[in-house]
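*Asks:* Right, I'll just put the structure down here and ask away after.
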Amino acid sequence: MKKDWKLLFATIGEMLFRLMPDILATGGAGCIVYGAGLIYPPAGWIVGGVLSIGAAVMLSRGSDGG
22 MKKDWKLLFA TIGEMLFRLM PDILATGGAG CIVYGAGLIY PPAGWIVGGV LSIGAAVMLS
82 RGSDGG
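So for the sequence shown, the numbering used here puts the first residue at 22; every next one is plus one.
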(Lines of atoms letter the chains of each structure in order from A and count residues from 1; the text may use other names and numbers.)
(Lines give C-alpha, C1' and ligand atoms only; values in the text may rest on other atoms or scores of the structure.)
Protein backbone atom coordinates (compact mmCIF):
# COMPACT_ATOMS: atom_id res chain seq x y z
CA MET A 1 0.00 0.00 0.00
CA LYS A 2 2.77 2.41 0.95
CA LYS A 3 4.64 1.54 -2.25
CA ASP A 4 1.58 2.49 -4.31
CA TRP A 5 1.53 5.96 -2.78
CA LYS A 6 5.24 6.43 -3.46
CA LEU A 7 4.74 5.43 -7.08
CA LEU A 8 1.75 7.75 -7.39
CA PHE A 9 3.63 10.74 -5.98
CA ALA A 10 6.69 9.98 -8.09
CA THR A 11 4.53 9.86 -11.21
CA ILE A 12 2.77 13.13 -10.33
CA GLY A 13 6.12 14.80 -9.61
CA GLU A 14 7.52 13.67 -12.95
CA MET A 15 4.44 14.93 -14.80
CA LEU A 16 4.64 18.32 -13.07
CA PHE A 17 8.33 18.56 -13.88
CA ARG A 18 7.60 17.92 -17.57
CA LEU A 19 4.75 20.45 -17.58
CA MET A 20 6.68 23.18 -15.74
CA PRO A 21 7.83 25.08 -18.89
CA ASP A 22 4.23 25.18 -20.14
CA ILE A 23 2.92 26.27 -16.76
CA LEU A 24 5.50 29.06 -16.52
CA ALA A 25 4.86 30.20 -20.10
CA THR A 26 1.11 30.33 -19.49
CA GLY A 27 1.57 32.26 -16.27
CA GLY A 28 3.96 34.69 -17.95
CA ALA A 29 1.55 35.24 -20.84
CA GLY A 30 -1.24 35.89 -18.36
CA CYS A 31 0.88 38.47 -16.55
CA ILE A 32 1.70 40.24 -19.82
CA VAL A 33 -1.97 40.32 -20.83
CA TYR A 34 -3.01 41.59 -17.40
CA GLY A 35 -0.37 44.32 -17.44
CA ALA A 36 -1.34 45.45 -20.92
CA GLY A 37 -4.99 45.48 -19.82
CA LEU A 38 -4.14 47.71 -16.87
CA ILE A 39 -2.48 50.23 -19.15
CA TYR A 40 -5.24 50.23 -21.78
CA PRO A 41 -8.09 47.65 -21.58
CA PRO A 42 -8.41 46.97 -25.34
CA ALA A 43 -4.65 46.33 -25.45
CA GLY A 44 -5.14 43.43 -23.04
CA TRP A 45 -7.53 41.75 -25.49
CA ILE A 46 -5.21 42.39 -28.42
CA VAL A 47 -2.13 41.06 -26.61
CA GLY A 48 -4.11 38.03 -25.41
CA GLY A 49 -5.19 37.28 -28.96
CA VAL A 50 -1.66 37.64 -30.31
CA LEU A 51 -0.25 35.34 -27.63
CA SER A 52 -3.01 32.78 -28.27
CA ILE A 53 -2.31 32.79 -32.01
CA GLY A 54 1.41 32.45 -31.34
CA ALA A 55 0.82 29.50 -29.02
CA ALA A 56 -1.45 27.85 -31.60
CA VAL A 57 1.20 28.22 -34.30
CA MET A 58 3.88 26.75 -32.05
CA LEU A 59 1.67 23.82 -31.10
CA SER A 60 0.64 23.13 -34.68
CA ARG A 61 4.29 23.00 -35.73
CA GLY A 62 5.07 20.55 -32.98
CA SER A 63 7.36 22.86 -31.04
CA ASP A 64 8.18 21.37 -27.65
CA GLY A 65 10.29 24.22 -26.34
CA GLY A 66 13.55 22.39 -26.66
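We put the CB at the ideal spot given by N, CA and C, even for glycine.
Source: prediction; values computed, not measured.
#1: What residue range is occupied by the uninterrupted alpha helix (DSSP H) comprising arginine 82?
#2: Looking at the ligand MN, does it come within less than 7 Å of lysine 23, judged from the CB to the closest heavy atom?
#3: Going by Cα to Cα distance, which pick from Lys24, Leu40, Lys23 and Gly65 is closest to isoleucine 53?
#4: Taking the alpha carbon of valine 68 as the point to measure from, which residue in Gly83, Gly49, Arg82 and Ser81 has its own alpha carbon closest?
#5: To the nearest angstrom, how far is the alpha carbon of tyrosine 55 from that of tyrosine 61?
*Replies:* Taking the structure as given:
#1: Mapped onto the sequence shown, residue 82 falls at position 61. For arginine 82, no alpha helix (DSSP H) segment is defined, and its DSSP state is neither H nor E.
#2: The ligand content of the structure shown is nil, which means the ligand MN is not present either.
#3: Locating residue 53 in the sequence shown gives position 32, where the first residue counts as 1. Among Lys24, Leu40, Lys23 and Gly65, the Cα nearest to that of isoleucine 53 is on Gly65.
#4: Position 47 of the sequence shown, counted from the first residue, corresponds to residue 68. Closest option to valine 68, Cα to Cα, is Gly49.
#5: Here residue 55 refers to the residue found at position 34 of the sequence shown. Here residue 61 refers to the residue found at position 40 of the sequence shown. One C-alpha to the other measures close to 10 Å.
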